[in-house]
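Number of protein chains: 2
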Amino acid sequence: MPHLDLDLDAVTLTEQLVNIESVSQDERAIADAVEAALRPLDHLTVTRHGHTVVARTDLGRGERVVIAGHLDTVPVNDNLPARREGDLLHGLGTCDMKGGDAVILRLAKHVTEPNRDVTFILYEAEEIDAEFNGLTKLSASNPELMTGDFAILMEPSNAVVEAGCQGTLRVDVRTTGERAHSARSWKGVNAIHKASGILARLEQYDARRPVIDGLEYHEGLNAVFIRGGVAGNVLPDECVVEVNFRFAPDRSEAEAEQFVRDFFDGYDVTLTDSAPGALPGLDVPAAKAFVEAVGGEVNPKFGWTDVARFTGLGVPAVNFGPGDPMLAHKQEEHVPVEHIERCERLLRTWLGAGS
Amino acid sequence: MPHLDLDLDAVTLTEQLVNIESVSQDERAIADAVEAALRPLDHLTVTRHGHTVVARTDLGRGERVVIAGHLDTVPVNDNLPARREGDLLHGLGTCDMKGGDAVILRLAKHVTEPNRDVTFILYEAEEIDAEFNGLTKLSASNPELMTGDFAILMEPSNAVVEAGCQGTLRVDVRTTGERAHSARSWKGVNAIHKASGILARLEQYDARRPVIDGLEYHEGLNAVFIRGGVAGNVLPDECVVEVNFRFAPDRSEAEAEQFVRDFFDGYDVTLTDSAPGALPGLDVPAAKAFVEAVGGEVNPKFGWTDVARFTGLGVPAVNFGPGDPMLAHKQEEHVPVEHIERCERLLRTWLGAGS
């Protein structure tokens with residue numbers, strides 16, 4: 001079993017974590033290593049749930065914070081093992097999000113008497129369908145382990161707080177026609193031609209940019225797939241445009257769906273996927289205090305993250321982790337060493353330990 | 001080896017041919033059976049070229065006519081064996097075009113002293129890419145076997161002459177954009193949205209219907225495929241619309257291509273496939289005489305057929321065969337018995353034999 005040494009600095013520990021390959025649904029080795037590293041620590045109660053590991057302090061503090069990171073990565077793309085070059089650490093998962101995981105593990109071991117109780121969660125399968133997600137499973141089997149006054153998801157956010165997240169939904173917008181031999185096209189109805197109006201509306205779409213708690217979100221409505229066609233000599237009888245709507249967290253899922261249905265009024269619209277956004281929640285005292293403790297800067301989170309899951313459980317949550325989210329899922333993903341160090345330092349201080 | 005009995009009536013012979021499965025590139029058995037049935041006939045010179053069989057009279061007549069039919073079919077679709085129901089024969093290939101093949105075989109055997117020399121060609125692989133087509137191969141290896149004063153292709157045409165054929169070409173019309181995460185779509189350019197203008201032009205297309213030699217053709221410009229998309233959360237950087245142009249035979253391939261390029265002016269257009277049309281050629285005496293002999297009625301041929309290949313070799317050609325072309329390639333394909341009988345009777349008479 002690969003070994004993790006939590007006494008190493010967080011950057012070297014990130015490197016160790018990166019070198020344990022852990023593509024979604026192949027997290028056994030990394031979860032075993034994480035569990036083995038945490039299990040001996042007397043100040044923590046450690047439990048295992050599938051390939052998700054939870055470690056909690058129980059000091060009877062007035063407040064509890066959840067600090068969470070996923071252990072899986074997107075597929076390998078010729079970007080392993082980790083490689084350090086000057087101030088950057090390169091490799092799959094360096095940015096998304098083993099730098100954050102390393103910080104979590106360091107805090108778990110070394111902040112033995114935090115000023116607030118902490119639940120550390122290192123979980124499986126964030127990069128694939130929600131049904132496999134370790135937090136989905138944990139919220140079903142042990143919801144008590146996810147509760148707290150505040151949650152920090154260590155998703156890459158340039159080591160600055162990114163608050164809330166936008167929601168996302170997907171619809172299939174469909175046209176139908178009637179097949180005919182293309183040599184006698186007047187006998188049929190071309191469904192691809194009928195999709196012209198769908199694309200015209202998308203082209204004219206004007207994105208809403210609402211300001212919520214002082215943060216400017218930015219919606220987006222995009223065709224992500226289009227398909228149609230039967231054979232090279234046949235008029236197609238169906239065309240499907242798959243559309244992804246990223247919506248600001250002031251809309252509910254139902255409102256977002258209604259917006260899309262109205263937008264494509266007159267077309268056949270089928271909802272295929274939906275996840276709610278999360279309001280920034282910066283008016284909650286625990287969130288406000290955290291933002292102040294880590295420097296006061298806050299950006300809106302455009303992508304969907306598991307903060308929405310915590311918000312759904314009534315736990316205010318923010319993203320705060322090393323790495324540039326624009327690099328996530330890219331072959332050339334990397335993380336600045338300084339981001340890892342800064343996150344660890346700021347979180348240690350916030351938890352009442354010396355830096 | 002399956003046996004063909006050319007003394008049976010043409011309808012029963014059609015049934016025998018249908019029951020020898022011969023999907024494109026699997027024509028060995030049917031070609032063997034055809035060759036074995038023709039080889040013993042003293043008045044014919046029989047040659048074999050791949051799975052194409054050629055049988056010629058050589059009586060020194062003043063005129064030579066080519067009568068041709070393909071032996072292959074589109075894939076089986078739960079429509080074998082042949083099934084006779086009243087006045088219809090059902091099954092794969094009954095219409096396209098073993099009814100015509102049966103007539104050819106009957107003429108080859110029983111019209112031993114035709115008033116014009118005849119080259120009968122039963123060929124392979126018409127239903128797939130042109131490179132495999134028996135006539136493509138024959139025109140390369142033995143072009144002399146395809147020459148004549150006139151050619152009849154026994155493609156389904158409701159037992160009425162269908163003259164000329166429309167040309168066909170295919171282009172890929174492409175848009176490009178720039179990938180970005182769909183949560184930050186303003187960082188990229190959506191190639192699918194840009195295809196809106198391509199579809200809008202197709203929707204507004206107004207088909208030309210030129211009258212040539214008294215026959216009204218009918219052009220058609222249709223998207224037959226559309227594709228684009230990278231992942232459910234990524235702005236697509238490419239969208240391709242595959243467009244099929246069916247053009248009347250008064251345009252050359254080059255003119256047709258230019259029309260399409262002008263039509264999609266401003267877009268990236270790549271020609272992927274092209275086949276010329278064939279003018280009806282009804283001013284040629286041999287064609288005129290044939291039309292009169294079989295009843296005087298002539299319709300335009302909208303689909304592309306191998307008549308274009310003969311026209312390209314300088315041999316005027318028409319389509320004349322049993323079956324409704326609208327039923328070709330359909331699961332429920334069938335042929336009226338009366339069509340087969342009428343074609344045989346009219347061709348026998350035209351070749352100077354009693355009916």
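Same order as they appear, the protein sequences are chains A and B. Counting from 1, position 146 in the first sequence corresponds to residue 146 in the working numbering; the numbering is continuous, with no gaps. Counting from 1, position 134 in the second sequence corresponds to residue 134 in the working numbering; the numbering is continuous, with no gaps. Don't be surprised by glycine CBs; every beta carbon is placed ideally from N, CA and C. These figures come from a predicted structure and were not determined experimentally.
- With a contact defined as Cβ atoms closer than 8 angstroms, residue 248 (chain A) and residue 277 (chain A) qualify at about 7 angstroms.
- In chain order, 6 and 41 place their CB closer than 7 angstroms to the CB of residue 109 (chain A), counting only its own chain and leaving out the 5 sequence neighbours on each side.
- Between residue 242 (chain A) and chain B, the shortest Cβ-Cβ separation is below 8 angstroms.
- Every beta strand (DSSP E) stretch that sits fully inside the region 289-331 of chain B and reaches 3 residues is listed by chain position as 298-300 and 317-319.
- Looking only at B:111, B:138 and B:34, the smallest Cα-Cα distance to residue 306 (chain B) is reached by B:138.
- A direct Cα-Cα distance of roughly 13 angstroms separates residue 4 (chain A) from residue 98 (chain A).
- The three-state reading of DSSP puts residue 147 (chain B) in coil, since its state is none of H, G, I, E or B.
- Of the residues assessed, residue 24 (chain B) falls on the buried side of the cut-off, its CB having 16 or more other CB atoms within 10 angstroms.
- In this structure, residue 222 (chain B) and residue 185 (chain A) form a Cβ contact; the two beta carbons are roughly 5 angstroms apart against a cut-off of 8 angstroms.
- Scanning chain A for C-beta atoms nearer than 8 angstroms to the C-beta of residue 183 (chain B) yields 166, 168, 220, 246, 302, 303 and 304, reported in chain order.
- With a threshold of 8 angstroms between beta carbons, residue 196 (chain A) makes contact with chain B.
- With fewer than 16 other beta carbons inside 10 angstroms of its own, residue 142 (chain B) counts as exposed.
- Within chain B, no residue has its beta carbon less than 8 angstroms from that of residue 127 (chain A); the closest one is some 11 angstroms off.
- Separation of the CB atoms of residue 224 (chain B) and residue 242 (chain B) is rounded to 5 angstroms, and the pair is thereby assigned contact status at 8 angstroms.
- For residue 120 (chain A), DSSP records a beta bridge to A:55 and A:67.
- By DSSP's assignment, residue 163 (chain B) forms a beta bridge with B:300 and B:318.
- Within the same chain, Cβ atoms closer than 6 angstroms to the Cβ of residue 81 (chain A) are found at 19, the five residues on either side in sequence being excluded.
- Those residues of the region 223-239 of chain B placed with their C-beta closer than 9 angstroms to a C-beta in chain A are 223, 224, 225, 226, 227, 228, 229, 230, 231, 232, 233, 234, 235, 236 and 239, ordered along the chain.
- With at least 16 other beta carbons inside 10 angstroms of its own, residue 16 (chain A) counts as buried.
- Within the same chain, 66, 146, 147, 148, 149, 150 and 151 come within 8 angstroms of residue 315 (chain B) by CB-CB distance, once the 5 residues on both sides are set aside.
- Within the same chain, and ignoring the five residues on either side of residue 132 (chain B) in sequence, the residues whose Cβ sits closer than 8 angstroms to its Cβ are 24, 25, 124 and 125.
- In the three-state reduction of the DSSP assignment, residue 185 (chain A) falls in the helix class.
- Here residue 183 (chain A) really is in contact with residue 233 (chain A); their C-beta atoms are around 7 angstroms apart, less than 8 angstroms.
- Excluding sequence positions up to five before and after residue 120 (chain A), its CB lies within less than 6 angstroms of the CB of 55, 67, 104 and 108, all in the same chain and listed in chain order.
- Listed along chain A, the residues sitting closer than 9 angstroms to residue 202 (chain B) by beta-carbon distance are 190, 192, 193 and 196.
- The region 264-277 of chain B makes contact with the region 152-172 of chain B, as at least three CB pairs between them are under 8 angstroms.
- Taking the Cα positions, residue 1 (chain B) is about 7 angstroms away from residue 29 (chain B).
- Along the length of the region 169-227 of chain B, whole alpha helix (DSSP H) runs at least 4 residues long occupy 191-194 and 196-204, reported in chain order.
- Taking a beta-carbon distance threshold of 8 angstroms, residue 199 (chain A) counts as an interface residue toward chain B.
- Beta-bridge annotation (DSSP): residue 275 (chain A) is paired with A:168.
- Comparing alpha carbon positions, the residue from B:48, B:287, B:140 and B:71 closest to residue 94 (chain B) is B:71.
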